[in-house]
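Novice: Letter by letter, the sequence shown follows residues 1116 to 1292 in the working numbering.
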Amino acid sequence: MFAQSMELVSLLALATLLVLAVWHDLLRRRIPNTLVLWGTLTALVLSLTPRGIGLDSALLGGMAGFLVFFSMYLFKMVGAGDVKLVAAVGMFVGWPEMAQVCVAILITGGLVAMAWAIRTSRLQSVMRNIHTGLMQNIKTGQWPQIGQPLISQVSHERVPYALAIGLGTAAHFVVTR
């Protein structure tokens, strides 16, 4: 009974973090550091409870999420807030489950990006940009340096990636629970 109630508390805290992050990202295109810090500290405390995932699993999960999304940040594919949010999610779910969550987030991220491009009437421009950028990279054999986008950006409008993080994490729990 205690184990189930602790898992429920952890899921509710994670859901609260994700809902608030999505809300902030949709409205302001920013995920507050205080929100991510709250999530991280909550995940750490919950990992230390008798039926928690354990500090080692929480830290490894956070590190895994951070490393996957930091590599995307280096090529300007996601923002710093997204990297920190995924690290906090990793501290809630732990390792090795975070590997599956990252895959779910990346798949969902692609779907959200396509939906966002359709919503903003930029799908054709985005697809043309991706094709041109990739073909140029293949023909020249030159790939972008760290800090440069993988392909040139069509517009300055950014996809609120917290939505993909929230939906991908939720999809993982729906499929695995």
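Built from N, CA and C at the ideal position, the CB exists for glycine as well. Treat the numbers as computed from the prediction; the structure is a model and nothing was measured.
Is the beta carbon of Gly1196 sitting closer than 8 Å to the one on Ala1279?
Specialist: Along the sequence shown, one-based indexing puts residue 1196 at 81. Along the sequence shown, one-based indexing puts residue 1279 at 164. Contact: no.
Novice: Which runs of the beta strand (DSSP E) at least 3 residues long sit entirely within the segment 1159-1210? Give them in chain order.
Specialist: Taking only runs of at least 3 residues, no beta strand (DSSP E) segment lies wholly in the segment 1159-1210.
Novice: Do Leu1161 and Ala1128 have their C-beta atoms closer together than 8 Å?
Specialist: Translated into the one-based positions of the sequence shown, residue 1161 becomes position 46. Translated into the one-based positions of the sequence shown, residue 1128 becomes position 13. Contact: yes.
Novice: Indicate whether Leu1221 and Val1151 have their beta-carbon atoms separated by less than 8 Å.
Specialist: For the purposes of this step, residue 1221 is taken as the residue at position 106 of the sequence shown. For the purposes of this step, residue 1151 is taken as the residue at position 36 of the sequence shown. Against a cut-off of 8 Å, the Cβ pair of Val1151 and Leu1221 comes out as no contact.
Novice: Considering Ile1280, what are the terminal residues of the alpha helix (DSSP H) in which it resides?
Specialist: Counting from 1 along the sequence shown, the entry for residue 1280 is found at position 165. Note, Ile1280: alpha helix (DSSP H), 1276-1291.
Novice: Is DSSP giving Ser1236 helix, strand or coil here?
Specialist: Numbered from 1 along the sequence shown, position 121 holds the residue referred to as residue 1236. Note: Ser1236 maps to coil in three-state DSSP.
Novice: Rounded to whole angstroms, what's the CA-CA distance from Met1084 to Leu1123? Just pull it up for me.
Specialist: As shown, the chain starts at 1116 and ends at 1292. That puts residue 1084 outside it, with no answer to give.
Novice: Distance, Cα to Cα, Phe1184 vs Val1274?
Specialist: Residue numbering aside, residue 1184 sits at position 69 when the sequence shown is read from its first letter. Residue numbering aside, residue 1274 sits at position 159 when the sequence shown is read from its first letter. Phe1184 and Val1274: Cα-Cα distance of roughly 15 Å.
Novice: Quick check: the Cα distance between Phe1288 and Val1218, rounded to an integer number of angstroms?
Specialist: The sequence position of residue 1288 within the sequence shown is 173, counting from 1. The sequence position of residue 1218 within the sequence shown is 103, counting from 1. Going from the Cα of Phe1288 to the Cα of Val1218 covers about 13 Å.
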